[in-house]
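To get the numbering used here, take the position in the sequence shown, counting from 1, and add 7.
Read through the structure below, which is laid out as structure tokens, and then see the notes.
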Amino acid sequence: MFRAPAFAMTRFPPSTQNTRRTGATLTEVFPANGAEVAAAGFVIAQLGHGSGAILWVQDRLAQHETGRPYLMGLGLSRPLMLMQLSRPVDVMAAIEEGLRCKALDAVIAEIRGDPAAVNFTSMKRLILRAETTGVPCWLIRQAATVDLSAARDRWRIATLPSAPNLDDPHAPGDPLWLVELFRSRDGKPKKWVARHERRATRSGTEDRLNLVAAVPDGTLAEDAGKGKQHTAG
Numbered sequence: 008m009f010r011a012p013a014f015a016m017t018r019f020p021p022s023t024q025n026t027r028r029t030g031a032t033l034t035e036v037f038p039a040n041g042a043e044v045a046a047a048g049f050v051i052a053q054l055g056h057g058s059g060a061i062l063w064v065q066d067r068l069a070q071h072e073t074g075r076p077y078l079m080g081l082g083l084s085r086p087l088m089l090m091q092l093s094r095p096v097d098v099m100a101a102i103e104e105g106l107r108c109k110a111l112d113a114v115i116a117e118i119r120g121d122p123a124a125v126n127f128t129s130m131k132r133l134i135l136r137a138e139t140t141g142v143p144c145w146l147i148r149q150a151a152t153v154d155l156s157a158a159r160d161r162w163r164i165a166t167l168p169s170a171p172n173l174d175d176p177h178a179p180g181d182p183l184w185l186v187e188l189f190r191s192r193d194g195k196p197k198k199w200v201a202r203h204e205r206r207a208t209r210s211g212t213e214d215r216l217n218l219v220a221a222v223p224d225g226t227l228a229e230d231a232g233k234g235k236q237h238t239a240g
């Protein structure tokens, strides 16, 4: 059973434009079967309450799987330019052209399967473009094989049983996801249990992404009688 107080919690408040521009690069997200929408929500949660426009590109198969992105569902009000293309090669071309535009806050794309257009060379081009212009790029790869890639950060996302419902133990509670940073050029691979949290503030509604370590730290492990530290994979 998920128990939030049992683990150290990291909260990610809504980003500002300056923090998003810093270290802008290409990030891949691999959702497990049935977690495609969760992956889109995870990426949306990284955007924060900015005012800049987002370019969202989908191929035909990804569009049929997840439908249209809905930023207002997470309380985000910002311009969204949506491109729905038939061929993955056109999606990759659209991503690269979008990354040329410094007025965009981010470029997000969803591609399903393992098309030939998504390869190491094309990924390298996207990284160079994103890091040159300072526009972050998120590539959600549905039903894809985790193969060789030039992406700086690579994530896996899977669904988990919902948290307990405090009002009704027989009803589902808040949705939970297992989020794994399994490869990173700048950070250590790790796993978290993620949940979306919305709270009211004086300035309006604030969205946070709470990440709870999926493996307890050494102190908790010792308290449990295990006697040694555990680290996340």
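Where a beta carbon is used, it is the ideal one built from N, C-alpha and C, also for glycine.
- Asp112 sits away from Arg159, with the two beta carbons spaced by 8 Å or more.
- Take the alpha-carbon of Ala123 and the one of Ala100: they are about 13 Å apart.
- In this structure, DSSP gives Arg190 an extended state, which the three-state scheme calls strand.
- Pairing Val142 with Asp175, the inter-Cα distance amounts to about 44 Å.
- Per DSSP, the beta-bridge partners of Ala165 are Leu185.
- Per DSSP, Val153 lies in no alpha helix (DSSP H) segment and is marked neither H nor E.
- Closest in alpha carbon position to Leu33, among Met130, Ala110, Pro95, Asp97, is Met130.
- DSSP, read as helix, strand or coil, puts Asp174 in coil.
- Taking a cut-off of 8 Å on C-beta distances, the stretch 160–168 touches the stretch 178–195, as three or more cross pairs fall below it.
- The DSSP assignment places complete alpha helix (DSSP H) segments of no fewer than 4 residues inside the stretch 21–77 at 24–28, 43–54, 67–73, in order along the chain.
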